Amino acid sequence: MHRAFIALGANLEDPAAQVRAALADLTGSGDIALVAASSLYRTAPIGADGPDYINAVAAVNTPLPPTGLLSRLFAVEAHFGRTRSYRNAPRTLDLDLLLYDDQVLDGPELTLPHPRLHLRAFVLVPLAEIAPDLALPGRGSVAAWLPAVANQRIEKL
3 MHRAFIALGA NLEDPAAQVR AALADLTGSG DIALVAASSL YRTAPIGADG
53 PDYINAVAAV NTPLPPTGLL SRLFAVEAHF GRTRSYRNAP RTLDLDLLLY
103 DDQVLDGPEL TLPHPRLHLR AFVLVPLAEI APDLALPGRG SVAAWLPAVA
153 NQRIEKL
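Residues 3 to 159 (the numbering used here) make up the sequence shown, in order.
Encoded structure:
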């Protein structure tokens with residue numbers, strides 16, 4: 003089994019319900035087991051207009067390889083009506099593979115750790131809630147990066 007961390011977010015069509023339902027859908031398949039899920043958080047969109055996002059982070063165990071897990075995330079997004087009309091567009095669901103064990107990958111399909119996870123409060127704060135001592139490969143601990151995002155608005159629901 004492998005430990006992965008997944009960011010969940012939405013800002014359209016009852017985003018809190020979308021995030022909760024996506025987590026249930028994702029972990030109801032039998033090959034992705036939920037280990038922990040953060041609280042829900044409200045955040046402003048970054049680099050785009052639109053309504054606030056509802057975000058969370060989940061820790062899961064899975065036998066799937068990283069690309070297989072990424073494919074599953076894309077399938078769940080599609081099931082929830084995700085379209086990719088333009089960069090940072092509002093969305094019904096956004097699932098990002100943040101970490102997969104301690105693997106470091108830099109490929110055309112997948113980069114691990116997620117290249118911007120240490121720069122986003124909507125990822126770091128919920129990640130710190132469920133895994134405060136987690137080490138980010140090549141970057142240090144989750145907790146060490148929290149001051150860098152202290153100026154980003156985030157509200158625990």
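We put the CB at the ideal spot given by N, CA and C, even for glycine.
These numbers were taken from a predicted model, which means no experiment stands behind them.
Taking DSSP as the reference, what is the three-state secondary structure of Glu2?
Any question about residue 2 goes unanswered here, given that the chain covers just 3 to 159.
Using three-state DSSP, classify Ala61 as helix, strand or coil.
strand
With a threshold of 7 angstroms (Cβ to nearest heavy atom), would Phe124 be considered close to the ligand SAM?
For the ligand SAM, the structure offers nothing, since it holds no ligand at all.
Just to confirm my understanding: we take Val62, look at its own chain, exclude 5 residues before and 5 after, and list those with CB closer than 7 angstroms. What are they?
Ala6, Ile8, Thr29, Ile34, Ala35, Leu36 and Val37
Taking only three categories from DSSP, how would you classify Asp96?
strand
Check the C-beta distance from Leu100 over to His116 and give it rounded, since I have them as a contact under 8 angstroms.
5 angstroms
Taking its Cβ as the centre, do 16 or more other Cβ atoms sit within 10 Å of Ser31, making it buried, or is it exposed?
A residue is called buried once 16 or more other Cβ atoms fall within 10 Å of its Cβ, and Ser31, having fewer, is exposed.
Is Ser73 helix, strand or coil when you go by DSSP?
helix
Is it the case that the Cβ atoms of Val21 and Leu10 are separated by a distance below 8 angstroms?
yes
Give me the Cα-Cα distance between Ile132 and Leu42, rounded to the nearest whole angstrom.
Whole-angstrom Cα-Cα distance: 12 angstroms.
Which two residues bound the contiguous beta strand (DSSP E) that contains Val37?
Ala35 to Ala39
Which stretch, first to last residue, makes up the alpha helix (DSSP H) that contains Glu131?
Run containing Glu131: Ala123 to Ile132, per the alpha helix (DSSP H) assignment.
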